[in-house]
Each structure stands twice: as structure tokens, then as C-alpha cells.
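One structure below.
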Amino acid sequence: MLRLNARRTAAVLTAAAGLVAGSLSFAPEAVARPIDQGTFHDEFTDEFDDFCGVEGLHVTADVSIDGRFLMNIRKPGTAPYYQERITITEVDTNDDGDSVTSVTGVLQRDLKITDNGDGTVTILVLATGPANMYDNSTGKAIARDPGQIRFEILIDLNGTPTNPDDDEFIAFLGQVKGSTGRSDDYCEGALSVLG
10 MLRLNARRTA
20 AVLTAAAGLV
30 AGSLSFAPEA
40 VARPIDQGTF
50 HDEFTDEFDD
60 FCGVEGLHVT
70 ADVSIDGRFL
80 MNIRKPGTAP
90 YYQERITITE
100 VDTNDDGDSV
110 TSVTGVLQRD
120 LKITDNGDGT
130 VTILVLATGP
140 ANMYDNSTGK
150 AIARDPGQIR
160 FEILIDLNGT
170 PTNPDDDEFI
180 AFLGQVKGST
190 GRSDDYCEGA
200 LSVLG
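Just so we're on the same page, the working numbering is the position in the sequence shown counted from 1, plus 9.
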């Protein structure tokens, strides 16, 4: 589904930037009717030159993502609400073999869906969960980010509000609430090992 992939991408980008953290647990509303649910897994490798702004520092990132999602209708005839829990594990390794591991647990859920009257909706999303970075040689935590953010995305429903299969992600509208709580500088933490 386009909508699921767009939301998963937003969560991954947010978590990778070290902006997501804190833990909350939400139970689905009693009136909600699930229309789709499942699990997912993804793995990929990325290469970074001039990592964290350090000229000549090459880092390889091995990323693994596991999660589960739920989409439900809260009110007949309206766009479905989406919720997912994901765990992102990223191992960053420099050319000398030094490495750090970041583990982020994310709960991402729609808080409010606003019908814009033109076939699009603006969705206010909460993203929260613990994020920690560890020095792999010592096992010690070197950066933490326990907090939450809220951001908005713009989705085109393509004339079928209750069918998420044809939804189109239009834009990430930005944060409406910045990271709460402690927000360590992940580049500073990573560079203490990789730099």
C-alpha cells in the first residue's frame, strides 16, 4: 500500500535523525474496526562519505527494520487511522572496523485526520520511542533520545476515503512539536568512536 510505505518511510527517516524517543503504549479504541494489519521486515546497507560533516570519514550503515501495523476505521465513511510499532537497528562502521549500534523502538500513530475539502487530508502523527546508541567495543551507551515528536503529512485519498490502497503521499509538512526530553547529539556520540 502506498500509504503504509509513505508512513514507514517517514518513521524511518525521523528515527534515523535521532528525533524519536520515549515510550508510550496505546490501546486501540473500542469502536475501531481493523481493515488491515500485519508485520514487516526490511534490511539494507547504505554508504556515507564525510559522515557527520567530517571530511574523508567513510561509514557503512547496516540497517534492519522489524514492525507491525494496524489500520482501522473509527467512523464509517472516513479515512482510516494508522498505527505501527517498529524496531530499527543500525550498525555504523568506519573503514578501520570501529562501530556503533543504534537501536530505536518507535510507536507511530495518527492522532488526527483533517479533511481539507479538496480530496486530501492532513494527518497529525505522533512518533515516540526510546533511541539509544552504543559503542560496540565497550557495550556502553554513548547517546540517548527518550522523547517524542509530532509531525504532519499530506495524503491524497484519490476519491476513496475508506480505501487506503490508492492513497498517494504528497508531502511531509514538517514538525509541529519538536523532540521532547533528552536529545543527545548522535553525531557527537558516533564520532567519539568512529571519528
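Yeah, the Cβ is synthetic: ideal placement off N, Cα and C, and Gly gets one too.
Owing to the predicted nature of the structure, the values given are computational and were not obtained by experimental measurement.
Would you grab the beta carbon distance between residue i and residue j for me? Rounded to a whole angstrom, and I think it's under 8 Å.
i: residue 133; j: residue 120; result: 5 Å
i: residue 102; j: residue 68; result: 7 Å
i: residue 140; j: residue 113; result: 4 Å
i: residue 174; j: residue 165; result: That pair is no contact at about 13 Å.
i: residue 70; j: residue 122; result: About 33 Å separates the two Cβ atoms, so there is no contact after all.
Enumerate in chain order the residues of its own chain whose CB-to-CB distance from residue i is below 7 Å, with the five nearest sequence positions on each side excluded.
i: residue 58; result: 67
i: residue 204; result: 63 and 66
i: residue 199; result: 61, 101, 109 and 142
Thinking just about the alpha-carbon of each residue, which of the options is nearest to the one in residue i?
i: residue 149; options: 86, 202 and 55; result: 202
i: residue 82; options: 194, 158, 172 and 183; result: 172
i: residue 159; options: 170, 168, 182 and 167; result: 182
i: residue 86; options: 127, 170 and 56; result: 170
i: residue 96; options: 147, 178 and 138; result: 138
i: residue 73; options: 55, 128 and 145; result: 55
i: residue 163; options: 94, 144 and 124; result: 124
i: residue 7; options: 167, 178, 90 and 51; result: Past the edges of the chain, shown from 10 to 204, lies residue 7, and the structure says nothing about it.
i: residue 84; options: 194, 43 and 195; result: 43
Exposed or buried, which one is residue i when buried takes at least 16 other CB atoms within 10 Å?
i: residue 53; result: exposed
i: residue 219; result: The shown model of the chain, from 10 to 204, leaves out residue 219, and the question about it has no answer.
i: residue 146; result: exposed
i: residue 104; result: exposed
i: residue 144; result: buried
i: residue 197; result: exposed
Report all residues from its chain with a CB closer than 6 Å to the CB of residue i; omit the five preceding and five following residues, and keep chain order.
i: residue 107; result: 202 and 203
i: residue 135; result: 118, 120 and 159
i: residue 111; result: 99 and 142
For residue i, which residues from the same chain have a beta carbon less than 8 Å from its beta carbon, with the 5 sequence-adjacent residues on both sides left out?
i: residue 185; result: 133, 159, 160 and 161
Using 8 Å as the Cβ pair cut-off and three pairs as the minimum, do the stretch 184-194 and the stretch 149-159 touch?
-> Flag = yes, the stretch 184-194 and the stretch 149-159 touch.
contact_flag[the stretch 43-59, the stretch 71-85] where n(CB pairs < 8 Å) is 3 or more = Taking 8 Å as the limit for Cβ pairs, the verdict is that the stretch 71-85 does touch the stretch 43-59.
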